[in-house]
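*Asks:* Below you'll find the structure I mean.
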Amino acid sequence: MAISFDKALGIHQHTLGIRSQRAEVLSSNIANADTPNYKARDVDFTKAINAAKSQQSGLTMAKSDSKHFDLAALSQQHVSYRVPNQPDTGDGNTVDIQQEQSAFMQNALEYQMSLGFLDSKFSGMKKAIRGD
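If you want it as structure tokens, here you go:
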């Protein structure tokens, strides 16, 4: 009987990529906290996970060779500008460093949680294969 990794791993295989992308976006926001006219961005996790669950984001990338990976699935598709919580400080920058740091830490914890879930799934599959 063949193992279906999509069924065995569930949603956690998709969350890792989305959480990784979100970490990049949030760290970019933190790095540009003092850049004039920089607009804070964030990943819409709900839209990204729904797209990942339905046909792996439904995107195809033009490939020049059949061995190339389809990397368009985790592109900037679900990244949008964040509505600022504070009034403009005069430089046009919408980054709230405390909000960004908080979101980054929460995202890191959720990434670790997904890694833990995947680790337990793989452990269970190894035990089933070995017959433990």
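The sequence shown lines up with residues 24 to 155 when you count with my numbering.
Quick reminder that beta carbons are idealized off the backbone N, C-alpha and C, glycines included.
These numbers come from a predicted model, not from an experiment.
What residue range does the alpha helix (DSSP H) around Tyr61 cover?
*Replies:* Neither: Tyr61 is in no alpha helix (DSSP H) and is coded neither H nor E.
*Asks:* Please report the Cβ distance between Arg42 and Asn130, rounded to the nearest whole angstrom; I am assuming they are in contact, meaning their Cβ atoms lie under 8 Å.
*Replies:* Contact annotation, Arg42 with Asn130: C-beta distance approximately 6 Å; criterion of less than 8 Å satisfied.
*Asks:* If you measure between the beta carbons of Lys62 and Tyr104, is that distance less than 8 Å?
*Replies:* yes
*Asks:* Buried or exposed for Thr38, please, with buried defined as at least 16 other CB atoms from any protein chain shown within 10 angstroms of its CB.
*Replies:* buried
*Asks:* Report back the beta-carbon spacing between Pro59 and Asp111 to the nearest angstrom; my notes put them in contact at under 8 Å.
*Replies:* No, Pro59 and Asp111 are not in contact; Cβ-Cβ is about 11 Å, not under 8 Å.
*Asks:* Would you identify the three-state DSSP class for Ser77, choosing helix, strand or coil?
*Replies:* Ser77 sits in coil when the DSSP states are folded into three classes, being neither helix nor strand.
*Asks:* Is Lys70 closer than 8 Å to His35 when the C-beta atoms are compared?
*Replies:* no
*Asks:* Give the DSSP bridge partners of Val102, in chain order.
*Replies:* In the DSSP output, where bridge partners are listed per residue, Val102 has Val66.
*Asks:* State the start and end residues of the unbroken alpha helix (DSSP H) segment that holds Thr38.
*Replies:* Residue range 35–54 is occupied by the alpha helix (DSSP H) that includes Thr38.
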